[in-house]
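Residue numbers (the UniProt record's numbering): 1 to 217.
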């Protein structure tokens with residue numbers, strides 16, 4: 001959670017090592033006569049040599065542009081890997097907080113939504129850290145909720161450096177719609193810091209699920 005008036009609650013790269021030449025190149029190599037003995041050159045040799053050279057050039061060009069066997073896609077691999085582009089904020093966020101669910105524990109930092117308790121908690125935190133908008137964050141809170149005002153939330157947002165990544169982890173609380181939420185911050189140039197877990201209560205309000213209370217766990 002942010003330490004303001006309200007704490008936020010909530011390729012693989014293909015092998016580039018040496019590779020054996022494509023089979024077709026071996027076939028072309030065997031067709032070239034490298035003997036040193038002098039032989040009578042038949043009249044049809046020149047046209048044949050020209051045709052053969054053209055075939056070799058076409059074959060080599062094909063493999064030059066093809067670049068060897070196509071790499072296996074991440075989607076079809078048995079274990080997906082995250083390819084992080086150096087300097088990419090999005091890449092770092094994904095690497096630091098992969099979306100996952102293990103038993104009752106849910107983790108992630110996605111945009112969320114209003115269709116469930118965990119979704120609205122993710123939505124609140126996304127507005128806090130990514131959009132950096134207190135008004136948007138407050139839109140995921142019920143009007144009469146025990147949550148700080150919009151100006152207070154904005155002051156908390158402004159105290160956090162832009163570019164800060166985060167990770168939300170939550171488990172169900174003792175009552176329905178309640179979750180124990182912990183937030184880990186990754187501020188630029190500093191070590192990761194995890195806030196003390198808080199209790200976040202959610203409820204269905206009309207056709208949306210909203211946050212109704214945020215309190216110490």
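Glycine included, C-beta positions come from ideal geometry on N, C-alpha and C.
Q | Residue range of the unbroken alpha helix (DSSP H) whose run includes residue 150 | A | The residue you call residue 150 lines up with position 150 of the chain shown. Start and end: 150-158.
(Q) Classify residue 134: buried if its beta carbon has 16 or more other beta carbons within 10 angstroms, exposed otherwise. (A) Residue numbering aside, residue 134 sits at position 134 when the chain shown is read from its first letter. Within 10 angstroms of the beta-carbon of residue 134 lie 16 or more other beta-carbons, which makes it buried.
Q: List the residues that DSSP assigns as beta-bridge partners of residue 165.
A: Position 165 of the chain shown, counting from 1, holds the residue named residue 165. Partner(s): 186.
Q. Can you tell me whether DSSP reads residue 128 as helix, strand or coil?
A. For the purposes of this step, residue 128 is identified with residue 128 of the chain shown, where counting begins at 1. In the structure shown, residue 128 sits in a helix (DSSP, three-state: H, G or I).
Q. According to the neighbour-count rule (16 or more other Cβ atoms, all chains shown, within 10 Å of its Cβ), is residue 182 buried or exposed?
A. Against the chain shown, residue 182 aligns to sequence position 182. It is buried - the Cβ of residue 182 has at least 16 other Cβ atoms within 10 Å.
Q: Indicate the three-state DSSP secondary structure (helix, strand or coil) for residue 173 in the structure shown.
A: One-based indexing of the chain shown puts residue 173 at position 173. DSSP, read as helix, strand or coil, puts residue 173 in coil.
(Q) Quick check on residue 148: buried or exposed, where buried means 16 or more other Cβ atoms within 10 Å of its Cβ? (A) Here residue 148 is taken as the residue at index 148 of the chain shown, counted from 1. Burial check for residue 148: the Cβ neighbour count within 10 Å reaches 16 or more, so the residue is buried.
**Q.** Buried or exposed by the 16-neighbour rule on C-beta atoms within 10 Å, applied to residue 105
**A.** Numbered from its first residue, the chain shown carries residue 105 at position 105. Label assigned to residue 105: exposed.
Q. How many angstroms separate the CA atom of residue 172 from the CA atom of residue 132?
A. Here residue 172 refers to the residue found at position 172 of the chain shown. Here residue 132 refers to the residue found at position 132 of the chain shown. Straight-line Cα distance between these residues: approximately 26 angstroms.
Q. For residue 196, does the count of other Cβ atoms within 10 angstroms reach 16, so buried, or fall short, so exposed?
A. By 1-based counting over the chain shown, the position of residue 196 is 196. Classification of residue 196: exposed, given that the 10 Å Cβ count is below 16.
Q: Could you name the residues of the same chain whose beta carbon sits closer than 8 angstroms to that of residue 162, not counting the 5 residues immediately before and after it, in chain order?
A: Translated into positions along the chain shown, residue 162 becomes position 162. When the five nearest sequence neighbours on each side are left out, the beta carbons in the same chain lying within less than 8 angstroms of the beta carbon of residue 162 are those of 132, in order along the chain.
Q: Identify the continuous alpha helix (DSSP H) that holds residue 135 and give its terminal residues.
A: Counting from 1 along the chain shown, the entry for residue 135 is found at position 135. First-last of the alpha helix (DSSP H) with residue 135: 134-138.
Q) Looking only at C-alpha atoms, which of 126, 169 and 119 sits nearest to residue 198? A) Taking the first residue of the chain shown as 1, we reach residue 198 at position 198. Closest option to residue 198, Cα to Cα, is 169.
(Q) Need the endpoints of the beta strand (DSSP E) that residue 199 sits in, please. (A) Position 199 of the chain shown, counting from 1, holds the residue named residue 199. Element bounds for residue 199: 198-205.
Q.
With distance defined between alpha-carbon atoms, name the residue in 202, 128, 209 and 208 nearest to residue 215.
A. Against the chain shown, residue 215 aligns to sequence position 215. Comparing Cα-Cα distances from residue 215 to each of 202, 128, 209 and 208, the minimum goes to 202.
Q. Does DSSP put residue 147 in a helix, a strand or coil?
A. Position 147 of the chain shown, counted from the first residue, corresponds to residue 147. Of the three classes helix, strand and coil, the one that applies to residue 147 here is coil, per DSSP.
Q) Distance, Cα to Cα, residue 119 vs residue 160? A) To locate residue 119, count along the chain shown from 1; it is residue 119. To locate residue 160, count along the chain shown from 1; it is residue 160. The alpha-carbon separation between residue 119 and residue 160 amounts to approximately 23 angstroms.
Q | Length of the line joining the Cα atoms of residue 190 and residue 126 | A | Mapped onto the chain shown, residue 190 falls at position 190. Mapped onto the chain shown, residue 126 falls at position 126. Distance between the alpha carbons of residue 190 and residue 126: 21 angstroms.
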